[in-house]
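What follows is one structure encoded as structure tokens, with my remarks underneath.
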Amino acid sequence: MSDRFQTDVLDKSHEKPVVVDLWAPWCGPCRVLGPTIERLAKASGGAWRLVKINTDTHPALAQRYGVRGIPAVKLFVDGTVAAEFTGALPEHALRQWLDQHLPAS
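Take 0 as the starting number for the sequence shown in numbering that gives the first Met the number 0 and just add one per residue.
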């Protein structure tokens, strides 16, 4: 995954913002946030990209980015974390977070 993370997240974030959803199948709040963030990614019309990472399958990535709780959402812009939050936000709060942190196009 580290090669794919480099390509799919770090490299792509130089072209457009990448929102990374770190989650696990057993995590209840992750199952709440997942469909909402996926729907908003589709609705963005490609303005930003969503990458979902299962922390059970890729614990080294979670450790590398200091994930202490899930869901953990990190916004990558130009190869670095530009904003982040932990926990399942309701849709209106997630929209606000995206509006606040995504670079204006």
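C-beta: ideal position from N, C-alpha, C; glycine also.
The structure displayed is predicted, hence computed values, not measured ones.
Rounded to the nearest whole angstrom, the C-alpha separation of Pro28 and Glu14 is 30 Å. Given a length threshold of 4 residues, each whole run of the alpha helix (DSSP H) inside the region 19-58 is given here in chain order: 27-42. Residue state for Lys73 is assigned as strand, using DSSP reduced to three classes. The residues Gly78, in chain order, have a CB closer than 6 Å to that of Leu9 in the same chain once the five nearest residues on each side in sequence are set aside. The criterion of a C-beta distance shorter than 8 Å is satisfied by Val18 and Val72. Distance from the CA of Thr56 to the CA of Arg30, rounded to the nearest whole angstrom, comes to 16 Å.
With 16 or more other CB atoms across the displayed protein chains lying within 10 angstroms of its CB, Ala40 is buried. The bridge partners DSSP lists for Thr85 are Ala71. Judged by their CB atoms, Leu21 and Val66 are nearer to each other than the 8 Å cut-off. By the criterion of a C-beta distance shorter than 7 Å, Thr35 is surrounded in its chain by Glu90 and Leu93, once the five residues flanking it on both sides are discounted.
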